[in-house]
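Undergrad:
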Amino acid sequence: MVDDALSPSQQRPRGASLGLPAEGQGSLAGFSTRAVAFLVDALAAALVAGLFTAPQPPGNWSLLSFGLITVAFLVAAGQTPGMRLLGLRLAHPRPGARTALWRAVVRTGLLMLLVPALLVDADGRGLHDRLTGTAVVRG
């Protein structure tokens, strides 16, 4: 008798390969929650950029605003405003350590390209998190 074929990602809880719990605080955040946090941050960035470009729409200035806000908040607080609103934070490879500027800049740059964020591994982490050794977890 042959059991249903399970991929390796279905045999273990998400985040197990990172030493993270399967559920609750410190577990990997789901895609939809991360996407909503991203949209909140993008809207906030557009509003900030709009303050400087009014009465014209912010256009690409909102992308610059997004990058600056995201990097500043990740380095200073370990979470963006959207992450904070949804109870998420950026987990560092060394627990308790602050996010280094280079990690925040590389992660944000890749996130701004959007495609790396959509390429996820078996744990559901985007390419931008894999390359910087980070993960978005529940707060």
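Going by my numbering, the final residue of the sequence shown carries number 227, and the count climbs one at a time with no gaps. Yeah, the Cβ is synthetic: ideal placement off N, Cα and C, and Gly gets one too. Please read these numbers as outputs of a predicted model, since none were measured by experiment.
Within 10 angstroms of its Cβ, does Asp129 collect 16 or more other Cβ (buried), or is it exposed?
TA: Mapped onto the sequence shown, residue 129 falls at position 41. By the neighbour-count rule (16 or more Cβ atoms within 10 Å), Asp129 is buried.
Undergrad: Among the candidates Ala142, Thr222, Leu127, whose CA atom is the shortest distance from the CA of Leu189?
TA: For the purposes of this step, residue 189 is taken as the residue at position 101 of the sequence shown. Answer by Cα proximity: Thr222.
Undergrad: Nearest CA to the CA of Gly175: which residue from Ala165, Thr187, Pro204?
TA: Here residue 175 refers to the residue found at position 87 when the sequence shown is read from its first residue. Of the candidates Ala165, Thr187, Pro204, the one whose C-alpha sits nearest the C-alpha of Gly175 is Ala165.
Undergrad: Could you tell me the distance, in whole angstroms, from the CA atom of Ile157 to the CA atom of Thr168?
TA: Counting from 1 along the sequence shown, the entry for residue 157 is found at position 69. Counting from 1 along the sequence shown, the entry for residue 168 is found at position 80. Using only the alpha carbons, I get a separation of about 8 Å.
Undergrad: On the three-state DSSP scale, how would you describe Ala160?
TA: Residue mapping note: residue 160 aligns to position 72 of the sequence shown, counting from 1. DSSP places Ala160 in helix when its eight states are reduced to three.
Undergrad: Given a cut-off of 8 Å, decide if Met200 and Phe154 are closer than it, judged by their beta-carbon atoms.
TA: As a working mapping, residue 154 is identified with position 66 in the sequence shown. As a working mapping, residue 200 is identified with position 112 in the sequence shown. The answer is yes: Cβ separation under 8 Å.
Undergrad: How is Phe207 classed by DSSP in three states: helix, strand or coil?
TA: Translated into the one-based positions of the sequence shown, residue 207 becomes position 119. According to the sequence as given, residue 207 is Leu; it is not Phe. Reduced to three states, the DSSP call for Leu207 is coil.
Undergrad: Quick one: which unbroken alpha helix (DSSP H) runs of 4-plus residues sit fully inside the region 111-169? Chain order, please.
TA: Taking only runs of at least 4 residues, the alpha helix (DSSP H) segments lying wholly in the region 111-169 are 119-141, 149-165.
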